[in-house]
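Below: one structure, written as structure tokens.
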Amino acid sequence: MSNTYTTCPVGVPSGKIALSAQNSGTITGIACTGPCVATVYNAAGTALTTINSPGGFNAAVSLAFSGGPPYVVQQSQSSMIFTI
């Protein structure tokens with residue numbers, strides 16, 4: 001079973017936005033509605049992926065995490081959608 005989490009930052013930069021309450025799992029999809037600059041981290045602060053897209057972005061990914069919930073730091077104001 002997968003869950004979808006949407007971020008809607010108010011300002012730039014947005015700071016850390018938790019993606020779920022799960023302590024382990026796999027991020028299987030990332031989408032962004034417009035220009036998107038963001039980095040996804042595991043709970044320990046290790047970067048799992050960086051996105052720098054001038055337009056919309058939609059990709060299937062396989063980013064495993066454990067040890068706590070992953071989070072995203074956005075430098076853009078576009079909504080992002082994560083499937084975990």
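Numbering (my numbering), first residue to last: 1 to 84.
All residues carry an ideal CB built from backbone N, CA and C; glycine is no exception.
In this text, all values refer to a predicted model and were calculated from it rather than measured experimentally.
Please report the residue range of the beta strand (DSSP E) in which residue i lies.
i: S53; result: 47-53
i: A38; result: 36-41
Quick check on DSSP: helix, strand or coil for residue i?
i: S20; result: coil
i: Q74; result: strand
i: G29; result: strand
i: N58; result: strand
Please name the residue or residues paired with residue i in a DSSP beta bridge.
i: Q64; result: Correcting the residue identity first, residue 64 is Ala in this sequence and not Gln. Answer is T26.
Just to confirm before moving on: does the CB-CB distance between residue i and residue j stay below 8 Å?
i: G34; j: A60; result: no
i: S66; j: N23; result: yes
i: Y71; j: I27; result: no
i: C36; j: S53; result: yes
Once you ignore the five residues that flank residue i on each side, which residues in its own chain have a CB closer than 6 Å to its CB?
i: A31; result: N58, I81
i: T39; result: A47, T50, V73
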